[in-house]
Amino acid sequence: MQARRFNTVVRQQYDFSCGSAALATLLRYHYGDPRTEEDVFRGMWQDGDQAQIRRVGFSLLDMKRYLAARGLRADGYKVGIQDIAKRGIPGIALITVKKYRHFVVLKGISKNEVLLGDPSLGLRTMPIAEFVAAWNGIYFVLNSRLDLATHAFNVHTQWASLARAPTDGAFLQPLSQQALALAAPFYSDF
């Protein structure tokens, strides 16, 4: 199961390397450029502001510099989730979860969920409202090879690879284990 979650996501090797793993994921699985996390990490370190990287980790500017040094144009855009859905281009988003800032790849958008390539958790979904609340609103995309990018957004096989209950969200919240234990039949119920 865990191997399947990382089938189209580069797993981060260090606590602070979600940026390099997210960029490696974007390049490898959406643009056909088989970079490893280590390649991207070393390149971003070499091309970046090393003093700042030591203090706060990699930034979108470090990613932009890395790509520019390799002849690829990329920028961050202040956009809404509907703009991304309309354009259908995979990109990198910075989200904050439990006060922890984390780079993820936005791989697709459905009616109610986003499909994320999360370097620490693998392929996963998140309700759109939860994503928007956690996201800083900046979407980082490559400005070239858009034909490849649009074909790699909302890929059916990636959505289908997630194990889901066949309820399609019909129920709101599963019960806790304690609540389920209370629902056991007692001897006198027979």
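Everything in the sequence shown is counted per this note's numbering, starting at 16 for the first residue and increasing by one.
Beta carbons are placed, not taken as given, at the ideal position from N, Cα and C, and that holds for glycine.
In whole angstroms, what separates the C-alpha of F24 from that of Y115?
The sequence given here has Val at residue 24, not Phe. So the alpha carbons of these two residues sit roughly 20 Å apart.
Closest by C-alpha distance to L163, when choosing among I104, Q27 and E53:
Among I104, Q27 and E53, the Cα nearest to that of L163 belongs to I104.
With distance defined between alpha-carbon atoms, name the residue in Q27, L131 and V147 nearest to V94.
V94 has its Cα closest to that of V147, out of Q27, L131 and V147.
Enumerate, from N- to C-terminal direction, the unbroken alpha helix (DSSP H) stretches of 4 or more residues contained entirely within the segment 17-64.
17-20, 33-46 and 52-62
Could you give the DSSP three-state label for K114: helix, strand or coil?
Coil, per DSSP.
Rounding to the nearest angstrom, what Cα-Cα distance links I124 and R80 in this structure?
28 Å
For the segment 37-56 against the segment 151-167, do three or more pairs of beta-carbon atoms, one drawn from each stretch, fall closer than 8 Å, so that the two count as touching?
yes
Go through its chain and collect everything with a Cβ distance to V112's Cβ below 7 Å, but skip five positions before and after it.
A149
Cβ of V156 less than 8 Å from any chain C Cβ?
Looking for chain C here will not work: only one protein chain is present.
Let's see if you can read the secondary structure: which residues bound the beta strand (DSSP E) around R80?
R80 -> not in any beta strand (DSSP E); alpha helix (DSSP H) instead, spanning L75 to A84.
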